[in-house]
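Note that the sequence shown covers residues 352 to 675 in our numbering.
Let me begin by presenting the structure, written as structure tokens, before commenting on it.
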Amino acid sequence: MVMDRVAGLTGEPALAAAFAAAVHRLHPARPPAPDRLVALPVPAVESRSLVVAGPGVLAAGPAGVGGLRALAAMTGAPVLNTFGAKGVLRWDDPAHAGTAGLQRDDFFLGGVTDADLVITTGLDADETTGLVRDPARTIDVPPAHLRFAAGGWPPPTQAPTRPPLYVRLSETVGPLYASDAQPPPPPRAVAALSGRGLVVADPGAAGFWVARTFPTTEPGSVVVPARPQPGFAAAAAVISALEGRHAVAVTVGPLDDLTLGLLDLARIEGLGVVLQVWTGEGEEVAAATAGPTAGSSVRVEPVRVDWSVLDELVAVAGPVVAWT
């Protein structure tokens, strides 16, 4: 059992906390389904609906993700996901309205205040800073009930309309993916992670860019915690290695003692762990590269990035509010 091995590796409270946070995010407990079915009222003609989905949808498994996709198809409503629910819809799905909960204006630009009906599901309060709920226009549907909630709705007559959040961020971030600037902007570093398996990132600068710009195609393929937790990315990579799943952990330099300790632990256990350490121009990376040695199962990849491009996103959606 993987969890038995994890328990055997936790020798101090800080290490145990990092593993506990990683287990919670990688393998969230499935939420109980209420006995009473939540049915959505049939909308008036020309009314606008929006779905706001959180990590509880992923935790509900196929019933949650499949139900959300069925609900989007039945209602024609765009789906705005929080950063803990990345992948519930592909990044290029016509119903995908963007990722929210990272910047101050995400939910406003995501269309929450403009919608006649806001359907929330599986939300985590730590990911909803800036979300204003109007009880008269908001209905919460348990993830297990999503497939059945809109059974009385007429078929949608038009494709979902993407909100300003998706459109403006796409216009801003799109050119950064292919930028030739040196050091590269973070979205280019994020794009290079595609196809490398599970991506886990520490909250903060690395987690923001991964959560904001990773082009997610599969549920649960990107994991960023909702609360600050030292050593999260390294702990999640260790657990993934124990499970036989390839993962790339992303953090910023210089590395904290807990992350360095987790790398040492992975090396002792012979676990294949990959850690990218992002730093800006002139920032210290020596602490990131001093530990692992040639032939080790642990690989550290220093990556230089241009942090200044964050100003472009702040101009679109306001300051970063996640993890504050």
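A virtual CB, placed ideally from N, CA and C, is assigned to each residue, including glycine.
Beta-bridge partners assigned by DSSP to Pro653: Val628. Around the beta-carbon of Gln580, 16 or more other beta-carbon atoms lie within 10 Å, marking it buried. Listed as beta-bridge partners of Asp491 by DSSP are Thr471. Counting along the chain, the unbroken beta strand (DSSP E) around Gly449 starts and ends at 447–451. Annotation for Pro364: no residue places its beta carbon closer than 8 Å to its own, counting only its chain and skipping 5 residues before and after.
The C-beta separation of Leu440 from Arg420 comes to about 7 Å, placing the pair in contact by the 8 Å criterion.
If you check the CB distance, Ala410 and Leu431 do not come in under 8 Å.
DSSP places Val672 outside both helix and strand once states are collapsed to three, so it counts as coil. In the structure shown, Leu609 adopts helical secondary structure according to DSSP, grouped into three states. Within the same chain, Cβ atoms closer than 8 Å to the Cβ of Ala585 are found at Ala369, Ala600, Thr602, Leu609, Thr610, Leu613, Leu614, Ala617, Val624, Leu626, the five residues on either side in sequence being excluded. DSSP places Ala588 inside the alpha helix (DSSP H), whose first and last residues are 583–593. In the three-state reduction of the DSSP assignment, Ala532 falls in the coil class. Separation of Val416 and Pro605 (C-alpha to C-alpha, rounded to the nearest whole angstrom) is 37 Å.
In the three-state reduction of the DSSP assignment, Leu622 falls in the coil class. Using a Cβ distance threshold of 8 Å, Ala466 and Ser400 count as a contacting pair. For the pair Leu544 and Val550, the Cα-to-Cα distance works out to about 7 Å.
Between Val463 and Val408, the C-beta spacing is not below 8 Å. When rounded, the separation of the alpha-carbon atoms in Phe499 and Leu422 is 8 Å. Excluding its 5 nearest sequence neighbours in each direction, Ala542 has C-beta neighbours in its own chain below 6 Å: Tyr528, listed in chain order. By the Cβ neighbour-count rule, Val574 is buried, with 16 or more other Cβ atoms within 10 Å of its own.
In the three-state reduction of the DSSP assignment, Leu409 falls in the helix class. About 17 Å separates the beta carbon of Gly418 from that of Pro511, a gap too long to meet the 8 Å contact definition. Judged by their CB atoms, Val628 and Val660 are not nearer to each other than the 8 Å cut-off.
With respect to the 8 Å criterion, Trp674 and Gly631 are not classified as neighbours on the basis of their beta carbons. In the three-state DSSP reduction, Thr564 falls in the helix class (H, G or I). The continuous stretches of beta strand (DSSP E) do not include Leu460, which lies in the alpha helix (DSSP H) extending over residues 457–460.
Between the segment 515–524 and the segment 660–669, the count of C-beta pairs closer than 8 Å reaches three or more; the two stretches touch.
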